[in-house]
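Novice: Take this structure, written in structure tokens, and hold onto it; I'll ask about it next.
Here it is in structure tokens:
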């Protein structure tokens with residue numbers, strides 16, 4: 012599978028109802044197909060807005076978005092979306108919800124996949140009687156039963172206990188591995204999705220601050236500790252000095268000068284994300300696969 | 000077990016299929032409401048038919064009895080009273096039945112606007128509907144088509160039952176065709192207004208995404224149309240004017256809808272009925288002669304105007320309903336692609 016699952020160019024979104032608050036501003040990125048992507052960022056960063064635009068519920072005020080090479084409405088049959096509040100028809104039972112999924116997605120519905128997810132749920136229970144975690148399970152079953160090529164999940168793990176979280180994350184990983192499904196999961200808990208996701212998009216202040224393969228993004232940065240000194244030519248994301256001691260997270264531009272006496276270490280994902288959130292002025296970094304401007308280069312590779 | 004195909008053909012369901020699937024899911028969603036509405040309709044039919052049969056039976060018994068409504072001799076007073084009470088009661092039931100049929104469009108508008116459409120936005124379930132392989136347009140068409148079919152069938156039956164029951168009513172307590180609840184419950188009006196309620200409800204639900212305000216606005220909008228059209232109803236078809244010399248009622252059928260009456264002069268100008276009123280007879284005659292009054296005028300709709308009046312109003316209502324639906328599709332397209 013080649014090509015982009017999502018490609019956004021210059022997305023802008025302003026909510027008039029929130030006093031002209033700019034939620035997204037000149038937001039551009041590319042998500043290659045087949046990845047499991049964590050969409051992280053603080054509360055109110057624009058994650059849900061971004062997902063709603065990709066799912067075709069909101070029309071961006073500026074810019075364009077292509078989903079699976081199509082406009083979001085045209086891609087409707089090939090993607091699934093689970094909103095943050097896990098909306099479901101309250102009048103239907105668990106079994107009827109899956110029946111509705113089969114009715115409304117006749118071309119792609121996979122009852123066995125859906126039933127694997129809803130197995131612990133009482134089939135005759137009305138949706139309105141389910142707990143938060145049970146609703147999440149049913150909403151995920153409805154989304155996975157559709158057998159989408161792109162699965163958009165807004166804060167999917169928030170209501171789940173650790174066991175259910177582990178189990179459902181496993182089901183999502185299996186789906187992705189088996190069918191090459193692209194999965195985007197958002198979370199405001201930065202490291203919640205660590206280990207599950209091989210791709211990362213950090214949204215902050217309505218823009219993409221970091222985008223690309225998680226490993227590549229971590230590898231591009233170095234945590235330096237040592238005497239105060241000139242950090243050039245590296246791009247400094249964040250630096251702190253306590254006395255004569257310097258701690259800095261830098262984006263390496265060439266090898267680190269060993270003679271300066273700095274200790275170098277690879278930052279953890281949490282360190283990398285927090286350093287960026289604490290330094291709003293640090294320039295964004297998108298790896299070639301996430302950068303819309305290098306599309307030709309990627310497709311050639 | 001079905002095999003999993005690896006090809007990915009265009010997966011949007013064909014229109015007809017998507018619509019039928021959407022309709023089935025919609026019916027399942029609102030099963031409870033449908034059952035309650037069905038039960039209420041059935042109860043209404045049972046009540047109307049029951050009263051009509053009983054009225055017919057009472058009338059037959061009375062006709063077979065040597066006593067009749069005209070003969071109120073002492074020995075007949077009890078059968079006559081029984082008969083008239085029964086007829087009066089039936090006439091009241093018919094009045095309430097007609098009232099129920101003319102408020103029905105408001106209830107339909109409220110249900111479609113609130114529980115069917117606005118609540119989907121308020122609770123966010125529209126995001127479930129629209130992330131299946133069904134477009135918002137299909138979703139909306141199902142929300143119009145399913146109630147339209149249910150209403151066409153259900154309201155037609157109710158109207159037919161109402162019309163039959165009315166035919167059983169007596170001449171002592173006539174249920175006149177032109178009375179507001181009766182006219183609105185007969186002919187093509189109930190179906191047309193039901194469809195208007197559906198269309199206005201759907202439009203309101205799309206515009207106002209909160210259940211309770213959407214219900215209130217939908218009821219008000221439907222009510223406003225109904226009240227406006229009821230007010231101008233008599234002008235929807237040209238009135239017939241009768242000129243009589245003897246008395247005002249002469250030459251006008253008893254079942255005519257009389258809208259105005261007065262005195263007319265030799266040159267054709269109209270004077271109020273009270274002209275020269277309440278004077279000694281001789282003086283009144285002189286006074287009328289002074290005014291050159293030659294007779295009476297009566298503006299009325301004869302019973303034969305029932306269908307023209309029905310069809311014109313039905314046409315207006317259906318045009319309004321179609322406009323509301325067209326506007327609703329525009330709103331849907333503009334807001335949600």
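Chains as they are written, first to last, in this note's numbering: chain A, 12 to 312; chain B, 0 to 336. Even for Gly, the Cβ is constructed at its ideal location relative to N, Cα and C.
1) When you compare the CB of residue 122 of chain A with every CB in chain B, is at least one pair closer than 7 Å?
2) Helix, strand or coil, according to DSSP, for residue 125 of chain A in the structure here?
3) Give the secondary structure of residue 90 of chain A by DSSP, where H, G and I count as helix, E and B as strand, and everything else as coil.
4) Assuming contact is defined by CB atoms lying nearer than 7 Å, are residue 272 of chain A and residue 237 of chain A in contact in what I supplied?
5) Can you check whether the CB of residue 125 of chain A is closer than 7 Å to the CB of residue 109 of chain A?
6) Find the nearest neighbour of residue 292 of chain B within the set B:61, B:232, B:88, B:268, judged by alpha-carbon distance.
7) Would residue 5 of chain B be called buried (16 or more neighbouring beta carbons within 10 Å of its own) or exposed?
8) Under DSSP, the beta strand (DSSP E) around residue 249 of chain A begins and ends at which residues?
9) Whole angstroms is fine: what's the gap from residue 8 of chain B's alpha carbon to residue 132 of chain B's?
10) What residue from A:245, A:167, A:268, A:178 has the CA that sits closest to residue 50 of chain A's CA?
11) Of all the options A:207, A:294, A:86, A:159, which has the alpha carbon lying nearest to the alpha carbon of residue 316 of chain A?
12) Which residues in chain B have a C-beta closer than 7 Å to the C-beta of residue 94 of chain A? List them in chain order.
13) Mind listing the chain A neighbours of residue 23 of chain B? Cutoff is C-beta to C-beta under 8 Å, in chain order.
14) Alpha carbon to alpha carbon, what distance is there between residue 140 of chain B and residue 15 of chain B?
15) Is any beta-carbon of chain A found at less than 7 Å from that of residue 210 of chain B?
16) Does residue 132 of chain B come out as helix, strand or coil in the three-state DSSP assignment?
17) Less than 7 Å between the beta carbons of residue 227 of chain A and residue 303 of chain A, yes or no?
18) Thinking C-beta only, is residue 160 of chain B closer than 7 Å to residue 44 of chain B?
19) Checking 7 Å against the spacing of the C-beta atoms, do residue 248 of chain A and residue 57 of chain A come in under that value?
20) Does the pairing of the region 228-244 of chain B with the region 304-311 of chain B give three or more beta-carbon distances under 8 Å?
21) Answer with yes or no whether the minimum CB distance from residue 46 of chain B to chain A is below 7 Å.
22) Since residue 243 of chain B sits in a beta bridge, which residues does DSSP pair it with?
23) Please classify residue 146 of chain B as buried or exposed, where buried requires at least 16 neighbouring CB atoms within 10 angstroms.
24) Quick check on the DSSP output: the alpha helix (DSSP H) that includes residue 46 of chain A runs from which residue to which?
25) Below 6 Å CB to CB, which residues in the same chain sit around residue 271 of chain B once its five sequence neighbours on both sides are set aside?
26) Do residue 193 of chain B and residue 228 of chain B count as a contact pair if the criterion is CB distance below 7 Å?
27) Could I get the ranges of all uninterrupted alpha helix (DSSP H) runs contained in the region 12-72 of chain B, with 4 residues as the minimum, in chain order?
28) Beta strand (DSSP E) containing residue 59 of chain A: first to last residue?
29) By the 8 Å beta-carbon criterion, what residues does the region 161-185 of chain A contribute toward chain B?
30) Which residues of the region 19-43 of chain A have a Cβ closer than 7 Å to any Cβ of chain B? Give them in chain order.
31) When Cβ atoms are compared, which residues of the region 77-102 of chain A fall closer than 7 Å to chain B?
32) Tell whether a beta-carbon distance below 7 Å holds between residue 93 of chain A and residue 164 of chain A.
33) State the Cα-Cα distance for the pair residue 393 of chain B and residue 155 of chain B, rounded to the nearest angstrom.
34) Which one or two residues does DSSP pair with residue 218 of chain A in a beta bridge?
35) Enumerate in chain order the residues of its own chain whose CB-to-CB distance from residue 137 of chain B is below 8 Å, with the five nearest sequence positions on each side excluded.
36) Report buried or exposed for residue 37 of chain A, applying the criterion of at least 16 other Cβ atoms within 10 angstroms of its Cβ.
Specialist: From the atom records:
1) By one-based count along the first chain, residue 122 of chain A stands at place 111. No, its Cβ sits nowhere closer than 7 Å to a Cβ of chain B.
2) Numbered from its first residue, the first chain carries residue 125 of chain A at position 114. Here residue 125 of chain A sits in helix by DSSP.
3) For the purposes of this step, residue 90 of chain A is taken as residue 79 along the first chain, with counting starting at 1. Residue 90 of chain A: strand per DSSP, three-state reduction.
4) On the first chain, residue 272 of chain A is found 261 positions in, with the first residue counted as 1. On the first chain, residue 237 of chain A is found 226 positions in, with the first residue counted as 1. Against a cut-off of 7 Å, the Cβ pair of residue 237 of chain A and residue 272 of chain A comes out as a contact.
5) Walking along the first chain from the start, residue 109 of chain A turns up at place 98. Walking along the first chain from the start, residue 125 of chain A turns up at place 114. Yes; because the gap between Cβ atoms is below 7 Å, this pair is in contact.
6) As a working note, residue 292 of chain B is residue 293 in the second chain. Of the candidates B:61, B:232, B:88, B:268, the one whose C-alpha sits nearest the C-alpha of residue 292 of chain B is B:268.
7) Locating residue 5 of chain B in the second chain gives position 6, where the first residue counts as 1. The predicted position of residue 5 of chain B is uncertain, since its pLDDT is 42 and thus under 50; a value taken from the coordinates is nonetheless stated next. Per the 10 Å Cβ criterion, exposed.
8) Residue mapping note: residue 249 of chain A aligns to position 238 of the first chain, counting from 1. Unbroken beta strand (DSSP E) run through residue 249 of chain A: 246-253.
9) Position 9 of the second chain, counted from the first residue, corresponds to residue 8 of chain B. Position 133 of the second chain, counted from the first residue, corresponds to residue 132 of chain B. Reliability fails at residue 8 of chain B, whose pLDDT of 44 lies under 50, so the model's placement of it is uncertain and the value that follows must be treated cautiously. About 13 Å.
10) In the first chain, the residue the question calls residue 50 of chain A occupies position 39. Comparing Cα-Cα distances from residue 50 of chain A to each of A:245, A:167, A:268, A:178, the minimum goes to A:167.
11) With chain A covering only 12 through 312, there is no way to say anything about residue 316 of chain A.
12) Working through the first chain from its first residue, we reach residue 94 of chain A at position 83. Near residue 94 of chain A (Cβ distances below 7 Å), the residues of chain B are 123, 126.
13) On the second chain, position 24 is the one that residue 23 of chain B refers to. Going along chain A in sequence order, the residues near residue 23 of chain B (Cβ under 8 Å) are 114.
14) On the second chain, residue 15 of chain B is found 16 positions in, with the first residue counted as 1. On the second chain, residue 140 of chain B is found 141 positions in, with the first residue counted as 1. The straight-line gap from Cα to Cα measures roughly 11 Å.
15) Sequence index remark: in the second chain, residue 210 of chain B carries index 211 (1-based). By this cut-off, residue 210 of chain B is not an interface position.
16) By one-based count along the second chain, residue 132 of chain B stands at place 133. Three-state DSSP puts residue 132 of chain B in coil, outside helix and strand.
17) Counting from 1 along the first chain, the entry for residue 227 of chain A is found at position 216. Counting from 1 along the first chain, the entry for residue 303 of chain A is found at position 292. No. Outside cutoff.
18) Within the second chain, numbered from 1, the residue matching residue 44 of chain B stands at position 45. Within the second chain, numbered from 1, the residue matching residue 160 of chain B stands at position 161. Yes, they are a contact pair.
19) In the first chain, the residue the question calls residue 248 of chain A occupies position 237. In the first chain, the residue the question calls residue 57 of chain A occupies position 46. It is not a contact, given that the beta carbons lie outside the stated cut-off.
20) yes
21) Taking the first residue of the second chain as position 1, residue 46 of chain B is located at position 47. No, because no Cβ of chain A sits closer than 7 Å to the Cβ of residue 46 of chain B.
22) Counting from 1 along the second chain, the entry for residue 243 of chain B is found at position 244. Per DSSP, B:295.
23) As a first step, residue 146 of chain B must be located in the second chain, where it is residue number 147. By the neighbour-count rule (16 or more Cβ atoms within 10 Å), residue 146 of chain B is buried.
24) The count along the first chain starts at 1 and reaches residue 46 of chain A at position 35. Run containing residue 46 of chain A: none; DSSP gives neither H nor E here.
25) Mapped onto the second chain, residue 271 of chain B falls at position 272. Contacts found: 261.
26) Within the second chain, residue 228 of chain B is the residue found at index 229, counting from 1. Within the second chain, residue 193 of chain B is the residue found at index 194, counting from 1. No, the pair does not count as a contact, with Cβ atoms beyond the cut-off.
27) 14-28, 30-63
28) The sequence position of residue 59 of chain A within the first chain is 48, counting from 1. No beta strand (DSSP E) contains residue 59 of chain A, which is instead part of the alpha helix (DSSP H) from 58-66.
29) none
30) none
31) 84, 87, 88, 89, 91, 92, 94, 96, 98, 99, 100, 102
32) By 1-based counting over the first chain, the position of residue 93 of chain A is 82. By 1-based counting over the first chain, the position of residue 164 of chain A is 153. Taking 7 Å as the Cβ cut-off, residue 93 of chain A and residue 164 of chain A qualify as a contacting pair.
33) Examination of residue 393 of chain B is not possible in this model, given that chain B is present from 0 through 336 alone.
34) One-based indexing of the first chain puts residue 218 of chain A at position 207. Residue 218 of chain A is bridged to A:215.
35) By one-based count along the second chain, residue 137 of chain B stands at place 138. Excluding positions up to five away in sequence, the list reads 14, 17, 18, 21.
36) Here residue 37 of chain A is taken as the residue at index 26 of the first chain, counted from 1. Classification for residue 37 of chain A: exposed.
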